[in-house]
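All remarks here apply to the structure that follows.
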Amino acid sequence: MLTMTDDDQLLPALAEGAGRAAALARAAYRRRGRRPRRGPVLVGIDGPSGSGKSTLADQLSAALDDAPVVRMDDLYPGWDGLAAAIPRLVQGVLHPARHGRIPRYRRYDWHRGTHAEWRAVRRHRYLIVEGAGATCGTAREYYAVRVFVDADPDERMHRAMRRDGEMFRPHWHRWARQEAALFGTDRTRRAAHVTVTADAEPDGRACAVRALPSPGG
C-alpha cells in the first residue's frame with residue numbers, strides 16, 4: 074500500500090522535473106528576443122493517470138510566477154473521451170493562445186455527465202497544460218516544452234484510487250487501455266523534452282529526468 078512516506082519520496086523527482094521544465098520554458102521565452110511575442114510560452118505535461126502530473130504542474134506553475142494551468146480532466150467528454158479531448162484542446166486553448174487570443178473552453182462535469190460552464194484562461198507569459206493526451210497528435214507542435222511523467226502501473230493505480238476514490242475504480246482499466254493505445258501510436262514519451270519517472274523506490278531514489286536539446290520557442 075502507498076503511504077505518505079512513499080508520497081514524500083516522489084517529491085524530489087517531480088521537483089527536479091518541474092525545475093528542468095521551468096528552465097527550458099524561461100530559455101524559450103528569452104530566445105524570442107525581439108521577435109513579436111503574440112502568445113504565452115506553452116508547456117505540456119503528459120503521461121498516464123496517477124503518475125504525478127498534477128503535482129508537477131502545480132510545482133511548475135509556482136516556479137513560473139503563478140502561470141495558469143489548464144487541466145485535461147476538464148476537457149475529456151467522459152470516460153471514453155481521451156482522444157476526443159485533443160481537438161478540443163487545440164481549438165479552444167492552444168490555437169487561440171498561439172495567436173495571442175484568450176483561450177476558452179467548456180468544463181466537463183463528471184458528476185452530471187455533461188458540459189458545464191465556459192472558462193477563460195488569464196493572460197500570462199507562460200501557459201501550462203496538464204493531463205493525459207496534452208502533448209499528443211496535433212497538439213504536439215504548439216508546445217515550446219513537453220514533459221512526460223510516468224511511474225510503475227501498480228503505484229499509479231494506488232495513487233489514483235486514493236486521489237479519486239472509488240469513482241475511478243470501475244473505469245481504471247477502461248481508461249488505461251485508451252492511454253496505452255494513444256501513447257503507443259503517438260510515441261509521446263520519445264517526443265518529450267523532459268521525462269520524469271516518479272517511482273517510490275526502496276532506497277529513496279525516485280528520479281530519472283532527461284532533457285532533449287533545443288526545444289522550440
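Residue numbers (my numbering): 74 to 290. We treat Cβ as the ideally placed atom computed from N, Cα and C, and that holds for glycine. Just so we're clear, the structure is a prediction, and the values are computed from it rather than from any experiment.
> Out of curiosity, what's the CA-to-CA distance linking L84 and G92?
Replying inline: Taking the first residue of the sequence shown as position 1, residue 84 is located at position 11. Taking the first residue of the sequence shown as position 1, residue 92 is located at position 19. Whole-angstrom Cα-Cα distance: 12 angstroms.
>> Let me make sure I understand the geometry here. Which of R195, L97 and I159 has the alpha-carbon closest to that of T203?
In response: By 1-based counting over the sequence shown, the position of residue 203 is 130. One detail in the question is off: residue 203 reads as Glu in this sequence, not Thr. Ranking the options by Cα distance to E203, first place goes to I159.
>> How far does the alpha helix (DSSP H) with H188 in it extend, from its first residue to its last?
In response: Locating residue 188 in the sequence shown gives position 115, where the first residue counts as 1. Taken as a continuous stretch (DSSP letters only), H188 belongs to no alpha helix (DSSP H), being part of the beta strand (DSSP E) at T187 to A193.
> Taking the C-alpha atoms as reference points, what is the distance between V142 and L200?
Replying inline: Taking the sequence shown and counting its residues from 1, the one referred to as residue 142 is at position 69. Taking the sequence shown and counting its residues from 1, the one referred to as residue 200 is at position 127. In a straight line, the C-alpha of V142 is about 6 angstroms away from that of L200.
> For the beta strand (DSSP E) that T270 lies in, which residues bound it at each end?
Replying inline: Within the sequence shown, residue 270 is the residue found at index 197, counting from 1. Where T270 is concerned, the enclosing beta strand (DSSP E) stretches over V267 to T270.
> Are L19 and L115 closer than 8 angstroms when you measure CB to CB?
Replying inline: Residue 19 is absent from the model: the chain starts at 74 and stops at 290.
> Pick from W245, D119, R104 and R105: whose alpha carbon is nearest that of D153?
Replying inline: Position 80 of the sequence shown holds residue 153. It is W245 whose Cα lies nearest to the Cα of D153.
>> Pull the bridge partners of E252 from the DSSP assignment, please.
In response: Locating residue 252 in the sequence shown gives position 179, counting from the first residue. Paired residue(s): none; E252 is not in a bridge.
> Do V220 and D119 come within 8 angstroms of each other at the CB atom, strictly closer than that value?
Replying inline: The residue you call residue 119 lines up with position 46 of the sequence shown. The residue you call residue 220 lines up with position 147 of the sequence shown. For D119 and V220, yes; Cβs fall inside 8 angstroms.
> Relative to the C-alpha of C209, which residue among R177, V163 and D131 is closest?
Replying inline: As a position in the sequence shown, residue 209 is number 136, starting the count at 1. Checking every option, the nearest Cα to that of C209 belongs to V163.
> Mind checking H227: buried by the 16 CB within 10 Å criterion, or exposed?
Replying inline: Position 154 of the sequence shown, counted from the first residue, corresponds to residue 227. For clarity, residue 227 is Asp in the given sequence; the question names His instead. Per the 10 Å Cβ criterion, exposed.
>> So, with DSSP's three-state summary, where would you put Y181?
In response: As a working note, residue 181 is residue 108 in the sequence shown. Of the three classes helix, strand and coil, the one that applies to Y181 here is strand, per DSSP.
> If we ignore side chains and look at the alpha-carbon of each, how far apart do A136 and H197 end up?
Replying inline: As a working mapping, residue 136 is identified with position 63 in the sequence shown. As a working mapping, residue 197 is identified with position 124 in the sequence shown. If I take the Cα positions, the gap works out to 13 angstroms.
>> Using only CA atoms, which one of V194, A207, R171 and A156 lies nearest to K126?
In response: On the sequence shown, position 53 is the one that residue 126 refers to. For the residues V194, A207, R171 and A156, the minimum Cα distance to K126 belongs to A207.
> Sorted by chain position, which residues of the same chain lie with C-beta nearer than 7 angstroms to G186's C-beta, five sequence neighbours on each side aside?
Replying inline: Locating residue 186 in the sequence shown gives position 113, counting from the first residue. Closer than 7 angstroms at Cβ, skipping near neighbours: G151.
> Under the three-state reduction of DSSP, which class applies to D105: helix, strand or coil?
Replying inline: In the sequence shown, the residue the question calls residue 105 occupies position 32. It should be noted that the sequence gives Arg, not Asp, for residue 105. The answer is coil: DSSP assigns R105 none of H, G, I, E or B.
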